[in-house]
Each structure stands twice: as C-alpha cells, then as structure tokens.
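Start counting the sequence shown at 1305; every next residue gets the next number (our numbering). Take a look at the structure set out below.
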Amino acid sequence: MEKIKTAVLVSGGGTNLQAILDAEREGIIKSAEVVTVISDREGAYALERARAAGAEALTIPFKTYGREAFERELSAALEERGIGLIVLAGFMRILSAEFTAKYPDRILNIHPSLIPSFCGAGYYGLKVHEAALNYGVKVTGATVHFVNEIPDGGKIVAQKAVYIRPEDTPETLQKRVMQEAEWIIFPRAIEEVAAKLRRSE
Ligand code: GAR
1305 MEKIKTAVLV SGGGTNLQAI LDAEREGIIK SAEVVTVISD REGAYALERA
1355 RAAGAEALTI PFKTYGREAF ERELSAALEE RGIGLIVLAG FMRILSAEFT
1405 AKYPDRILNI HPSLIPSFCG AGYYGLKVHE AALNYGVKVT GATVHFVNEI
1455 PDGGKIVAQK AVYIRPEDTP ETLQKRVMQE AEWIIFPRAI EEVAAKLRRS
1505 E
C-alpha cells in the first residue's frame, strides 16, 4: 500500500522537521512519506535539514508573493506532488479559510502550549512561553491539532504536559517543551493520522 505523500511547511530552524525526518528513518513514521519541505522564507535552516535527509526543499517567499499568490503557488506545488497530508512544523503563517477548506482533516500543526491556553493569532514561538510564564501557570506543554479556518482552533489529536520550573525563562521553557513534548508527540500523531488516511483510501 502506498504511503501518504506528505509536505512539511516550515519557517525557521526546523527542529520539529528534524524529529519527523528522524522518525521516518527509524520507522516510527511508516504510513507517511515526506516528499517535500516548503519554507515561506528564504534561507530557513529547516531547508538544510531537508536536503541533508534527501528530501526536496522548496521556498515560496511569502513576503514577495503576498498571501493570495503564496497560497496559489503552494496549492499548485501540493497538487503537482499528489500531497495527501500537510504538516505545519514551526510554520509561522496563518492559512486562509479557502486554503484550509481544501484539506479537511489533512493539515496538522504543532503548537507549544496546552490548547486552548496561549493560542490563536499572535501566539507563536517564544511569545507563547513568555505568556505562559507571565500568567504564572505551573503546567504547560504542546498540542498537535488539525488545522481549520480558526487559528489553533481545529480538533486536538495529541497533547503532552510539561511542568514549569521556578527558574524557567522563555528560552529554557521552549527548549524543554520541545524536548519533552513536541519532538515526541508530533511524529506519533503524524503516524496515527497517516495510518488512518491510508486505511480509508
Ligand atoms: C516550535 O516550538 C513550534 O511548536 C512553534 O515554533 C517552534 C518552531 O521550532 N510553532 C508555533 O508557535 C506555531 N504557532 P522549530 O522550527 O525548531 O520546529
């Protein structure tokens, strides 16, 4: 049976992408195949990681294209490659309702908090951890969810909690949430969703 052709969308360093590529190599992900990695920014380090793993690395510069043309180019690239699953791994753009409607239950995102806390427009990257520390919560974590027209509002697939330590800074917290939660639950959630898609095809 064919694997689900998967595109990973990135914007930055790509440690989640790396965890996904490693999981594929190790056989933790066996129902999905990362066929392309697409960045909305030129020179994102994630693209180096894609190339090093032998995956295609593309850039569709959001700043040059603007949202409409970006999504048009993205849709064309996904259709050309027969993509059945889209994974947002540190992708820092909000996709339009028109775009997300084309891929119901086929776009996954990782968010570095326990949704519905510290999520939605404006909550991304380090800002999420700053907000958690400012609020004083003692437990945070990461969430994998389907992407729909509401930012961080789609159905939750997986979550893992991480305890906050009194000495945490946004940077130390970000790192621990990645190590203890994101890099573990994301590959597993991708496998779970891809396996289901494969059974239904
Ligand atoms: C990760 O912590 C990811 O959860 C977060 O940005 C970081 C990207 O790191 N994503 C968001 O905030 C999306 N709203 P990475 O490029 O090393 O995977």
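Just so you know, even glycine gets a beta-carbon here, dropped at the ideal spot from N, CA and C.
Item	Value
Contact test: glutamine 1478 Cβ vs the ligand GAR heavy atom, cutoff 8 Å	yes
Selection from Asn1452, Glu1505, Ile1454, Tyr1427 that minimises the alpha carbon distance to alanine 1446	Tyr1427
Heavy atom of the ligand GAR within 8 Å of proline 1474 beta-carbon	no
For serine 1343, the first and last residue of its enclosing beta strand (DSSP E)	1336 to 1343
Pair within 9 Å by beta-carbon distance, valine 1314 and phenylalanine 1395	yes
Coarse secondary structure for glycine 1370, derived from DSSP in three states	helix
heavy atom of the ligand GAR below 8 Å from methionine 1305 C-beta	no
Residue burial classification, threonine 1444 (beta-carbon count within 10 angstroms, cutoff 16)	buried
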